[in-house]
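Read the structure below first, then the notes.
Number of protein chains: 2
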Amino acid sequence: MKNKNFKRKKISSENIEDLIRDLIEGDRVALGRAITICESTIVSDRVFANQIVNACLPKSGNSIRIGITGVPGVGKSTFIESFGQFLIKKLHKKVAVLAVDPTSGISKGSILGDKTRMDYLSREDNAFIRPSPSGGALGGVANQSRESILLCEAAGFEIILVETVGVGQSETEVKEMTDFFLLLMLAGAGDELQGIKRGIMEMADGMLINKADGDNKVRARNAKKDYQNALHLFPKTESGWIPKVEVCSALENENIDLAWDLIDSYFKETKANGFFEKQRKRQRISWFKAVLNQMWYLELNKSEDLKIRKTILENEVKEGKLSPYFAAKELIKEATKK
Amino acid sequence: MKNKNFKRKKISSENIEDLIRDLIEGDRVALGRAITICESTIVSDRVFANQIVNACLPKSGNSIRIGITGVPGVGKSTFIESFGQFLIKKLHKKVAVLAVDPTSGISKGSILGDKTRMDYLSREDNAFIRPSPSGGALGGVANQSRESILLCEAAGFEIILVETVGVGQSETEVKEMTDFFLLLMLAGAGDELQGIKRGIMEMADGMLINKADGDNKVRARNAKKDYQNALHLFPKTESGWIPKVEVCSALENENIDLAWDLIDSYFKETKANGFFEKQRKRQRISWFKAVLNQMWYLELNKSEDLKIRKTILENEVKEGKLSPYFAAKELIKEATKK
């Protein structure tokens, strides 16, 4: 039997190698533990976290990453429950579900917080479901989620679903870490749209009108036509792909295969024309820049004095009383003095 | 007579005060010279530049800032020529025209490079036209343009038109430094749209279908209807403002007043509901963050060795061979070692 000491004991330089080996063999407990280490706010854990990320990096990348968004009530969880089972049972894939919620640190998180929302999916051997990390962690929520994706891939998960709530910058962040961006909508395009932030529609590679069941069926078909028309007015995507609209009912498990066909044809097209790899490379660079900015920024928080100074300067700039150059110079001077 | 030595001589701590005084009195030559100093790539000029910006800051802000974008060929210059004269002659305003073109450093700039494109406007006493800064300058093109806006305002210009070519990040940057974002379009919505980047339509506070002259009139009216319908599908804006579409012909000077009415009603609404000031404050903070990131980034370019190291690390990250954390840590360590 393998040494699974890491499950009970605090992680150490002795058992970290075991953890990584088990993760790469596909052990979900090891995967969960590794993600926890990467999410840790304890500074000393970051050494282990970096070791894990570095070890997983060469084994990562062989998946497709799908971002999923939509207003609360659109049925994201029901869709993922249904779609995930389709991928596992029909296509025999290993599916990981992650969540990005920048507010979870404050609100203690509703998103995926309650795993029973995906009752059937969470019982599948080939599924891995992970709630949103708490917002308080060192690397920022988005950077943590990128690490979680890598770890899931290294553990052999082939399809990564990244769910986001439509709060703050979360969609832009999820778009930046995924290959395909799916927007779930409701039939009866109108009031329901108010909750979607501007710019999201144009970010979508595909739109899925959910809850097309019962009386809603006709409205959903009409909405599909409206959105398809609106999408034609949109400028061409860089990938050459023309965003498509489909209609489904996650609740009644209807047309889930059409959703997959839509996504699958995107991947065929963008892998063939080179956009897939091009986008991945660009995403790695922008991750690098985000990490770099983040690390510089941490320098500004290393003492209480500096934090107070930052707040004061920021306020003066906000009121138009101080030039940003002057304020930035002041701050950097104080941050770098030994 | 005033001492206008700064016009001929190299700027010095003796004549900088004169330059600033003349600028604030509305002297366009002083304004032009001051912008040149802010755009200078000579490090020692930055001291003067900061002095100018600091002196202008209390006098700035009392203008409306309008960003203007659209694909090449849509008639941006003709529109600005016509719109600018309308503002000066009918409304008795002082109008400054700036350009943001991140590529001008590379391509030697077509945008506003040829001032004769705005032949009549450039001869107006109450107009100030300034081509795009070269991309090589210290502060980055976007930060320079923000400074130029402040300087124009301090010189008494009441309406600042910021033109952008649709390249790279330029629209997002112009959106970030203006109050109102105007998208110029062509009639016959279709192929002409291909050049507009995705996300731009949803950024617009107003759309103007230009070249509605001759045979194009009917097509322009139809396009207006189409876009107005599409805009209804878009989520609500944070400002509460509903983006509007108008039709005009800059060439034949038709409906230029309608364009102004559209923009003017936006300003009335957003000044009344507080969004105007809220957005300005947010923009100042994001400018501050941009300057801060920029200054940190300069630290990474302070030696040849460091630049080479950065390129190598960046490439490894891009190919997925190195973790961004590892690379960022390496870089910062080398940049901060004394």
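Heads up: the sequence lines are chains A and B, in that order.
So the first sequence is residues 1211 to 1548, counted in this note's numbering.
So the second sequence is residues 1211 to 1548, counted in this note's numbering.
For each residue, glycine too, the CB sits at the ideal point set by N, CA and C.
Legend entry - Stretch-stretch touch, CB-based, cutoff 8 Å, three pairs: the segment 1260 to 1268 of chain B with the segment 1228 to 1247 of chain B: Because the criterion of three Cβ pairs below 8 Å is met, the segment 1260 to 1268 of chain B and the segment 1228 to 1247 of chain B touch.
Legend entry - chain B within 8 Å of residue 1451 of chain A, Cβ atoms only: The residue labelled residue 1451 of chain A in the question sits at position 241 within the first sequence. Taking Cβ atoms only, chain B never reaches closer than 8 Å to residue 1451 of chain A, which makes this a no.
Legend entry - Burial state of residue 1471 of chain B (16 or more Cβ within 10 Å): Taking the first residue of the second sequence as position 1, residue 1471 of chain B is located at position 261. Result: exposed.
Legend entry - Straight-line Cα distance separating residue 1397 of chain A from residue 1336 of chain A: Walking along the first sequence from the start, residue 1336 of chain A turns up at place 126. Walking along the first sequence from the start, residue 1397 of chain A turns up at place 187. Cα to Cα, the separation comes out at about 32 Å.
Legend entry - Assigned secondary structure, residue 1277 of chain A (DSSP; H/G/I helix, E/B strand, else coil): To locate residue 1277 of chain A, count along the first sequence from 1; it is residue 67. DSSP, reduced to helix, strand and coil, places residue 1277 of chain A within a strand of the structure shown.
Legend entry - Residue environment, residue 1253 of chain A, which counts as buried when at least 16 other CB atoms sit within 10 Å: Here residue 1253 of chain A is taken as the residue at index 43 of the first sequence, counted from 1. That one is exposed.
Inset, instruction - Could you have a look at residue 1530 of chain B and say whether DSSP puts it in helix, strand or coil? - result: Counting from 1 along the second sequence, the entry for residue 1530 of chain B is found at position 320. Correct three-state label for residue 1530 of chain B: coil.
Inset, instruction - Report yes or no: is there a C-beta of chain B within less than 8 Å of the C-beta of residue 1495 of chain A? - result: As a position in the first sequence, residue 1495 of chain A is number 285, starting the count at 1. Closer than 8 Å: yes.
Legend entry - Every unbroken beta strand (DSSP E) inside the segment 1228 to 1297 of chain B [3 residues or more]: The qualifying runs are 1274 to 1279.
Legend entry - Cβ contact (3+ pairs, closer than 8 Å) linking the segment 1352 to 1364 of chain B and the segment 1272 to 1283 of chain B: Cβ pair count under 8 Å is three or more, so yes.
Inset, instruction - Compare the C-beta of residue 1476 of chain B against all C-beta atoms of chain A and say whether one is closer than 8 Å. - result: Within the second sequence, the letter at position 266 stands for residue 1476 of chain B. It does not: the Cβ of residue 1476 of chain B has no partner Cβ on chain A nearer than 8 Å.
Inset, instruction - Could you give the DSSP three-state label for residue 1454 of chain A: helix, strand or coil? - result: Looking up residue 1454 of chain A in the first sequence gives position 244. In the three-state scheme derived from DSSP, where H, G and I count as helix and E and B as strand, residue 1454 of chain A is classed as strand.
Legend entry - Beta-carbon neighbours of residue 1436 of chain A, restricted to chain B and to distances below 7 Å: For the purposes of this step, residue 1436 of chain A is taken as the residue at position 226 of the first sequence. Chain B residues near residue 1436 of chain A: 1443.
Legend entry - Per-residue DSSP class, three states only, for residue 1381 of chain A: Position 171 of the first sequence holds residue 1381 of chain A. The answer is helix: DSSP assigns residue 1381 of chain A an H, G or I state.
Legend entry - Straight-line Cα distance separating residue 1466 of chain B from residue 1285 of chain B: Mapped onto the second sequence, residue 1285 of chain B falls at position 75. Mapped onto the second sequence, residue 1466 of chain B falls at position 256. In a straight line, the C-alpha of residue 1285 of chain B is about 13 Å away from that of residue 1466 of chain B.
Inset, instruction - Anything in chain A within Cβ reach of residue 1498 of chain B, meaning under 7 Å, just list it in chain order. - result: In the second sequence, counting from the first residue as 1, residue 1498 of chain B sits at position 288. Simply 1524, 1527, 1534, 1537, 1538.
Legend entry - Short CB-CB distance (under 8 Å) between residue 1440 of chain B and chain A: Counting from one through the second sequence, the residue named residue 1440 of chain B turns up at place 230. Residue 1440 of chain B counts as touching chain A.
Legend entry - Those residues which DSSP pairs with residue 1395 of chain A across a bridge: As a working mapping, residue 1395 of chain A is identified with position 185 in the first sequence. For residue 1395 of chain A, which the question treats as bridged, DSSP gives the partners A:1419.
Inset, instruction - Label residue 1575 of chain B either buried or exposed according to how many other C-beta atoms from any shown protein chain fall within 10 Å of its C-beta, with 16 as the threshold for buried. - result: Nothing in the structure corresponds to residue 1575 of chain B, since chain B is present only between 1211 and 1548.
Legend entry - Proximity to residue 1374 of chain B [Cα-Cα], best of B:1438, B:1305, B:1366, B:1393: Position 164 of the second sequence, counted from the first residue, corresponds to residue 1374 of chain B. The option with the nearest alpha carbon to residue 1374 of chain B is B:1393.
Legend entry - Residue-level contact to chain A via CB, residue 1501 of chain B, 8 Å cutoff: Taking the first residue of the second sequence as position 1, residue 1501 of chain B is located at position 291. At a cut-off of 8 Å between C-beta atoms, residue 1501 of chain B counts as an interface residue with respect to chain A.
Legend entry - Per DSSP, the bridge partner or partners of residue 1466 of chain B: Numbered from its first residue, the second sequence carries residue 1466 of chain B at position 256. Answer by DSSP bridge pairing: none, since residue 1466 of chain B is not bridged.
Inset, instruction - Apply the 10 Å Cβ neighbour rule to residue 1279 of chain B and answer buried if 16 or more other Cβ atoms are within range, or exposed otherwise. - result: For this step, residue 1279 of chain B is matched to residue 69 along the second sequence. In the assembly as shown, residue 1279 of chain B is a buried residue. Its beta-carbon has 16 or more other beta-carbons within 10 Å.
Inset, instruction - Kindly examine the ligand SAM and report whether one of its heavy atoms sits closer than 7 Å to the Cβ of residue 1455 of chain A. - result: This structure does not include the ligand SAM; it has no bound ligands of any sort.
Inset, instruction - Would you check if the distance between the CB atom of residue 1460 of chain A and the CB atom of residue 1420 of chain A is smaller than 8 Å? - result: Your numbering for residue 1460 of chain A matches position 250 in the first sequence. Your numbering for residue 1420 of chain A matches position 210 in the first sequence. By the CB criterion at 8 Å, residue 1460 of chain A and residue 1420 of chain A fall inside the cutoff.
Legend entry - Simplified DSSP state of residue 1371 of chain A, which is helix, strand or coil: Here the question's residue 1371 of chain A lines up with position 161 in the first sequence. Correct three-state label for residue 1371 of chain A: strand.
Legend entry - Host beta strand (DSSP E) of residue 1337 of chain A (start-end): For the purposes of this step, residue 1337 of chain A is taken as the residue at position 127 of the first sequence. For residue 1337 of chain A, the enclosing beta strand (DSSP E) covers residues 1337 to 1340.
Legend entry - Where residue 1443 of chain B sits in the DSSP three-state scheme: Counted from its first residue, the second sequence places residue 1443 of chain B at position 233. Correct three-state label for residue 1443 of chain B: helix.
Legend entry - the segment 1473 to 1491 of chain B in contact with the segment 1438 to 1454 of chain A per 3-pair CB rule at 8 Å: With fewer than three CB-CB distances shorter than 8 Å, the segment 1473 to 1491 of chain B does not count as touching the segment 1438 to 1454 of chain A.
Legend entry - Cβ shell of residue 1449 of chain B (< 7 Å), same chain only, five flanking positions each side left out: For the purposes of this step, residue 1449 of chain B is taken as the residue at position 239 of the second sequence. If we look at residue 1449 of chain B and ignore the five residues flanking it on each side, its Cβ neighbours are 1480, 1485.
Legend entry - Cβ neighbour criterion (16 or more within 10 Å) applied to residue 1531 of chain B: Counting from 1 along the second sequence, the entry for residue 1531 of chain B is found at position 321. Exposed is the call here.
Legend entry - Partner residues on chain A for residue 1271 of chain B, Cβ-Cβ distance less than 7 Å: Position 61 of the second sequence, counting from 1, holds the residue named residue 1271 of chain B. Result: 1530.
Legend entry - Residue range of the beta strand (DSSP E) that includes residue 1352 of chain A: Taking the first sequence and counting its residues from 1, one reaches residue 1352 of chain A at position 142. Note, residue 1352 of chain A: premise wrong, no beta strand (DSSP E); alpha helix (DSSP H) at 1351 to 1364.
Inset, instruction - Give the straight-line distance between the Cα atoms of residue 1242 of chain B and residue 1271 of chain B, rounded to the nearest whole angstrom. - result: The residue given as residue 1242 of chain B occupies position 32 in the second sequence. The residue given as residue 1271 of chain B occupies position 61 in the second sequence. If I take the Cα positions, the gap works out to 19 Å.
Inset, instruction - Could you pull out every residue in the same chain whose Cβ sits closer than 8 Å to the Cβ of residue 1353 of chain A, ignoring the five residues on either side in sequence? - result: As a position in the first sequence, residue 1353 of chain A is number 143, starting the count at 1. Listed in chain order, the non-local C-beta contacts of residue 1353 of chain A below 8 Å within the same chain comprise 1497, 1500, 1501, 1504, local neighbours out to five positions each way being set aside.
Inset, instruction - Check the DSSP bridge columns for residue 1306 of chain B and list the partner residues they point to. - result: Counting from 1 along the second sequence, the entry for residue 1306 of chain B is found at position 96. Beta-bridge partners assigned by DSSP to residue 1306 of chain B: B:1338, B:1370.
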